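Chains as they are written, first to last, in my numbering: chain A, 3 to 112; chain B, 2 to 112. Just so you know, even glycine gets a beta-carbon here, dropped at the ideal spot from N, CA and C. For clarity, every value in this text was computed on a predicted model and none was experimentally measured. Below is one structure, written out as structure tokens; comments come after it.
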Amino acid sequence: EDKVVQSPLSLVVHEGDTVTLNCSYEVTNFRSLLWYKQEKKAPTFLFMLTSSGIEKKSGRLSSILDKKELFSILNITATQTGDSAVYLCAVGEYGNKLVFGAGTILRVKS
Amino acid sequence: NAGVTQTPKFRILKIGQSMTLQCAQDMNHNYMYWYRQDPGMGLKLIYYSVGAGITDKGEVPNGYNVSRSTTEDFPLRLELAAPSQTSVYFCASSKTRDEQFFGPGTRLTVL
Numbered sequence: 003e004d005k006v007v008q009s010p011l012s013l014v015v016h017e018g019d020t021v022t023l024n025c026s027y028e029v030t031n032f033r034s035l036l037w038y039k040q041e042k043k044a045p046t047f048l049f050m051l052t053s054s055g056i057e058k059k060s061g062r063l064s065s066i067l068d069k070k071e072l073f074s075i076l077n078i079t080a081t082q083t084g085d086s087a088v089y090l091c092a093v094g095e096y097g098n099k100l101v102f103g104a105g106t107i108l109r110v111k112s
Numbered sequence: 002n003a004g005v006t007q008t009p010k011f012r013i014l015k016i017g018q019s020m021t022l023q024c025a026q027d028m029n030h031n032y033m034y035w036y037r038q039d040p041g042m043g044l045k046l047i048y049y050s051v052g053a054g055i056t057d058k059g060e061v062p063n064g065y066n067v068s069r070s071t072t073e074d075f076p077l078r079l080e081l082a083a084p085s086q087t088s089v090y091f092c093a094s095s096k097t098r099d100e101q102f103f104g105p106g107t108r109l110t111v112l
């Protein structure tokens with residue numbers, strides 16, 4: 003069975019800290035890995051990764067994929083209270099499915 | 002562009018009642034999806050569609066039905082509501098098979 007596992011389940015940090023969120027996967031026909039941020043409502047897209055070792059960056063957020071070890075990390079530097087959210091990892095398979103992990107709950111304290 | 006819209010935002014149903022959750026997108030996306038999200042869980046795919054007139058089951062289709070008569074609309078039908086269907090329902094659409102845009106969600110409670 004295809005699965006996506008995220009860790010940690012939750013964490014609490016202080017503003018200014020750096021955090022690393024993990025996503026490991028076991029899927030039959032890997033196509034892409036996506037990160038979403040969910041604040042109360044709908045998930046919003048952050049990154050899509052398809053190639054190993056190529057870092058994607060957007061401001062203080064960055065992500066990288068390791069297709070050999072089947073995992074990805076999402077880094078957030080200089081965290082702010084506005085980064086508090088659930089971060090979802092999803093793996094796209096050949097076909098039309100995204101398989102989602104349970105998410106990591108991040109709380110940034112001021 | 003309104004993006005992906007969903008109605009209603011909230012709904013309480015009694016066991017055995019039926020309802021339709023509406024979803025519409027104005028981005029001319031071919032792909033549309035319905036997910037449910039239970040507390041502490043990721044999103045589970047219920048049904049998806051790759052274009053008007055074409056639908057297929059996802060991971061958890063039991064108790065639901067869909068139709069796709071137009072590119073814009075993708076309603077989800079619950080025929081006999083059960084407490085296990087209490088959840089938050091998200092509709093999403095995409096141009097390609099990957100990056101999906103989500104609607105604001107419908108919070109459904111079945112009592």
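For residue j and residue i, believed in contact at Cβ under 8 Å, the rounded distance
i: residue 64 (chain B); j: residue 83 (chain B); result: 7 Å
Contact check, residue i vs residue j, beta carbons under 9 Å
i: residue 91 (chain B); j: residue 35 (chain B); result: yes
i: residue 98 (chain B); j: residue 94 (chain A); result: yes
i: residue 110 (chain A); j: residue 86 (chain A); result: yes
i: residue 2 (chain B); j: residue 28 (chain B); result: yes
i: residue 23 (chain A); j: residue 72 (chain A); result: no
i: residue 52 (chain A); j: residue 26 (chain A); result: no
i: residue 32 (chain B); j: residue 48 (chain B); result: no
i: residue 76 (chain B); j: residue 6 (chain B); result: no
Inter-residue spacing [alpha-carbon to alpha-carbon] between residue i and residue j
i: residue 90 (chain A); j: residue 69 (chain A); result: 18 Å
i: residue 44 (chain B); j: residue 99 (chain A); result: 11 Å
i: residue 52 (chain B); j: residue 74 (chain B); result: 10 Å
i: residue 108 (chain B); j: residue 57 (chain A); result: 36 Å
i: residue 38 (chain B); j: residue 40 (chain A); result: 12 Å
i: residue 110 (chain B); j: residue 87 (chain B); result: 5 Å
i: residue 81 (chain A); j: residue 112 (chain A); result: 10 Å
As assigned by DSSP and simplified to three states, the class of residue i
i: residue 52 (chain B); result: strand
i: residue 112 (chain A); result: coil
i: residue 23 (chain B); result: strand
i: residue 18 (chain B); result: coil
i: residue 83 (chain A); result: helix
i: residue 70 (chain B); result: coil
Counterpart residues of residue i in DSSP-defined beta bridges
i: residue 45 (chain A); result: A:40
i: residue 5 (chain A); result: A:28
i: residue 98 (chain B); result: In DSSP, residue 98 (chain B) forms no bridge with anything.
i: residue 37 (chain B); result: B:45, B:90
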